[in-house]
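Each protein sequence line maps, in turn, to chains E and W.
Residue numbers for the first sequence follow full-length UniProt numbering, beginning at 1 and rising by one.
Residue numbers for the second sequence follow full-length UniProt numbering, beginning at 1 and rising by one.
For reference, the structure discussed in these notes is given below.
2 protein chains.
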Amino acid sequence: MTNKIYFTPGPSELYPTISAHMATAMANKIGSISHRSQQFKDIYAHAVTGLRQLLQLPANWDILFVSSANEVWERAIQNNVEKESFHLVNGSFSKRFYEISLELGRKATKHEAPFGQGFSIADLDVPKSTELIAVVQNETSSGASTPVADINLLRAKVNSEALIYVDAVSSAPYPEFDFNLIDSTYFSVQKGFGLPAGLGIWLVNDRCVAKAVALKSKGLSIGSFHSIPSLLSKARTYQNPETPNVLAIYLLGKVLEEMNHHGAATIRQETETKAKLIYDYLATSQNFDIAVAEPTHRSQTTIIANTKVSSAEVIKKLAPFDMVIGSGYGNYKDTQIRIANFPAHSLAQVQALVYKLQELFN
Amino acid sequence: MTNKIYFTPGPSELYPTISAHMATAMANKIGSISHRSQQFKDIYAHAVTGLRQLLQLPANWDILFVSSANEVWERAIQNNVEKESFHLVNGSFSKRFYEISLELGRKATKHEAPFGQGFSIADLDVPKSTELIAVVQNETSSGASTPVADINLLRAKVNSEALIYVDAVSSAPYPEFDFNLIDSTYFSVQKGFGLPAGLGIWLVNDRCVAKAVALKSKGLSIGSFHSIPSLLSKARTYQNPETPNVLAIYLLGKVLEEMNHHGAATIRQETETKAKLIYDYLATSQNFDIAVAEPTHRSQTTIIANTKVSSAEVIKKLAPFDMVIGSGYGNYKDTQIRIANFPAHSLAQVQALVYKLQELFN
């Protein structure tokens, strides 16, 4: 038994009701039901309906369940890129999407911003031949975020055929996307949705579907069981081609029910209130500095600070108080800390963390 | 709350201790820990060590975690087949592996046996150019099984470079493979291991690894985050490239601990005892016939019967007694029933099912 509160950037604190929902799932033997049964289809439909409502997803969009955001990167390239993809890279995760395109034999080009910086979309020059442009809305590794208003400028920057992919792995459901101005977004459930890991969610519009179908009819391989057409043929009857992570889909539906009850607007407002608490503290701290210099590029959900004391020391000093934060990512492991601010984190928990950091480090 | 016992062929009855382990996992917040932490590596190592012990896996074999057996089919072709694969097909799942090879642009050929029949390996003619030969040890759709002794004859049938892939999705850990005579085997956890779905386990020997590396150095694409080299580079430090289904790996370790305590030999013996109970009943029943004619090809873990009364009627009549069995697969949905006999099913439960079937249908 632990009383730890996880402010790590994912896996992170579980949504407060998960434990109770899991107990109910076990009592009702949800782990034993057939993935082709009506009982399962109802569970699947409940999750999908909840997500549609929370994100206000238009009718020309579909929701696909895969196993991780890593998998989305691969499936996106397989299904939506014949030759060329273009990647805005400003950290480890945006870079990984770029590398995956290369590993799958595509011509991938990148436009880089330094770690910890966002992008100036207005100044961006996108090759005309690009079939897919990838932008990480919220870089989990650096805490740099691209405002939705800027993402909305992308459409005018690319040829009319290009698909705009927006990574919201560690920000959803916070960003309020204009789904008419992007073509796909995706996330994993162990960040903003407060679930255990093991499910990736891939949202695609009809343009993504059409592109996959077109590549397939050209005789190109778009993968197998998790190609868009294969996923879609099952998704539209509330199933997956394989036996999916049934428990995760069940829990997702339950959490979405609660999130919808709470309301997307409230969740967004609370996220900003909590983020402000953390940033306000960091701005005045003698030990920490906000890592992302440009205020409009600062993530509201994964907040990164440079630290004078090593991150290991910060983590160690918080441990007796049952508070867990993340170290920096990769090369920044020792010199940065990462604090997640997800819907699962209550205002009181964030306040307690800020007070404790203040007390321990000024 | 339900008292149902699931004899369905997967998802199926969970191992009896799963609910308690899940409660412990929730209390210890296993769903929140970092997938790069020592705590997670210990969980991963515990699962892998337990599986090595149960299966008596030699040192030149590695254990890889993916998301499903469907994914293994795809990764196997991507990583281990440049041009040609050969498939023994005798049901829906063996056929699907064959189709996936085609979907990935390989030349796949098949040797078919009728649904419900096994293979005579001794008479098999395998093309010399085959790089991978796929055999389903236990066809979940038909209940036809290939004895391990026959699988051990395959090596002499193929060229020395060919990799022998054995699907044990719905039979593991029952079959006692000679790991020197095969190159890969795989299964999902929601069958014989009694776990909730959402994890696929792929066992590969050094020959599979070498082949993947060779294809990659030829400049061919072997996938990205879930290529064998990528999985292996993380697996050897007890991690996955992506954030995996952490809870499933935790539960797997716990179940394996108990299975090892019980002993593989005992599990196998109990499986046979329970299977005999079911087959003995089917052989004398006036309503059911054993579907697989050849006794040595009858699965010990997924037992299929032809039924005079429709499968829907059988399922309906068992429902008030909290017993759930599977309908037939695909075209056999109405005319066959499927009864799983996994380690999670106790002798008493199987006995009770047999008595009830006897009472209801003679």
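Using N, Cα and C, we set each Cβ at its ideal position, and we do this for glycine too.
Item, Value
"Name, going along the chain, the residues of the stretch 5–16 of chain E whose beta-carbon falls closer than 8 Å to a beta-carbon of chain W.", "Tyr-6, Thr-8, Gly-10, Pro-11, Ser-12, Glu-13, Leu-14"
"What residue from Lys-157(W), Ala-108(W), Phe-115(W) has the CA that sits closest to Asp-123(W)'s CA?", "Lys-157(W)"
"Is the Cβ of Leu-104(E) closer than 8 Å to any Cβ of chain W?", "yes"
"If we call anything under 8 Å between Cβ atoms a contact, is Asn-3(W) one with Asp-289(W)?", "no"
"Could you name the residues that DSSP lists as bridge partners for His-87(W)?", "Lys-110(W), Ala-134(W)"
"Quick one: does Met-239(E) have its CB under 8 Å from some CB of chain W?", "Here the sequence assigns Gln to residue 239(E), which means Met is not the residue at that position. So, not an interface residue."
"Can you tell which of Lys-110(W), Glu-270(W), Glu-131(W) has its C-alpha closest to the C-alpha of Pro-175(W)?", "Glu-270(W)"
"Please state whether DSSP places Ala-168(E) in a helix, a strand or coil.", "coil"
"Give the interface partners of Ile-100(W) over in chain E, defined as CB-CB distance under 8 Å, in chain order.", "Ser-224, Phe-225"
"Suppose contacts are defined by Cβ-Cβ distances below 8 Å. Is Ser-188(E) in contact with Leu-199(E) by that definition?", "yes"
"Please list the partners that Lys-218(E) has in chain W, where partner means a Cβ-to-Cβ separation under 7 Å.", "Residues of chain W passing the Cβ test: none, with the nearest at roughly 12 Å."
"So Thr-243(E) contacts chain W; which residues on that side make the cut at Cβ distance below 9 Å?", "Gly-10, Pro-11, Ser-68, Ala-69, Asn-70, Ser-188, Gln-190, Ala-197, Gly-198"
"Can you give me the Cβ contacts of Ala-312(W) inside the same chain, cut-off strictly under 8 Å, excluding the 5 residues immediately before and after it?", "Ser-327, Asp-334"
"List in chain order: all unbroken beta strand (DSSP E) runs of 3+ residues lying wholly within the stretch 273–359 of chain W.", "288–290, 302–307, 336–340"
"Could you list which residues in chain W have their beta carbon closer than 7 Å to that of His-345(E), in chain order?", "In chain order: nothing, as chain W lies at least about 11 Å away."
"Compare the C-beta of Met-1(W) against all C-beta atoms of chain E and say whether one is closer than 8 Å.", "yes"
"Nearest-angstrom Cα distance between Gly-118(W) and Thr-185(W)?", "18 Å"
"Please confirm if Asn-31(W) has its CB atom under 8 Å from at least one CB of chain E.", "Before going further, note that residue 31(W) is Gly rather than Asn in the sequence given. By this cut-off, Gly-31(W) is an interface position."
"How is the beta strand (DSSP E) around Ser-188(W) delimited, first residue to last?", "184–188"
"Tell me the rounded alpha-carbon separation between Ser-92(W) and Gly-192(E).", "38 Å"
"Starting from Leu-199(E), trace the alpha helix (DSSP H) in both directions and tell me its first and last residue.", "Where Leu-199(E) is concerned, there is no enclosing alpha helix (DSSP H), given that its DSSP letter is neither H nor E."
"DSSP state of Tyr-238(E), grouped into three classes?", "coil"
"If we define contact as Cβ-Cβ less than 8 Å, is Leu-247(W) a contact residue for chain E?", "yes"
"Need the endpoints of the alpha helix (DSSP H) that Ile-77(W) sits in, please.", "69–80"
"What residue range does the beta strand (DSSP E) around Ile-30(E) cover?", "Element bounds for Ile-30(E): n/a, residue is neither H nor E."
"Can you name the residues that DSSP bridges to Tyr-174(W)?", "DSSP lists no partner for Tyr-174(W)."
"Taking the beta carbon of Glu-71(W) as the centre, do at least 16 other beta carbons fall within 10 Å, making it buried, or is it exposed?", "buried"
"Run down chain W in chain order and give the residues with a C-beta less than 8 Å from the C-beta of Met-323(E).", "Those within 8 Å of Met-323(E) in chain W number zero; the least Cβ separation is about 12 Å."
"Determine the closest residue to Leu-357(W) out of Asp-280(W), Arg-96(W), Gly-116(W), Pro-343(W), with distance taken between C-alpha atoms.", "Asp-280(W)"
"Bridge partners of Phe-65(E), per DSSP?", "Ile-201(E)"
"Tell me the rounded alpha-carbon separation between Val-324(E) and Val-255(W).", "29 Å"
"Taking only beta-carbon atoms, is Ser-221(W) less than 8 Å away from chain E?", "yes"
"In whole angstroms, what is the alpha-carbon distance linking Pro-58(W) and Phe-177(W)?", "11 Å"
"Which residues of chain W have a Cβ atom closer than 9 Å to the Cβ of Glu-74(E), listed in chain order?", "Gly-223, Ser-224, Phe-225, His-226"
"State the DSSP-derived secondary structure class of Met-121(E), mapped to helix, strand or coil.", "The question names Met, but residue 121(E) in the sequence shown is Ile. Helix, per DSSP."
"Specify whether the stretch 47–61 of chain W and the stretch 106–115 of chain W touch according to this definition: at least 3 beta carbon pairs, one from each stretch, less than 8 Å apart.", "no"
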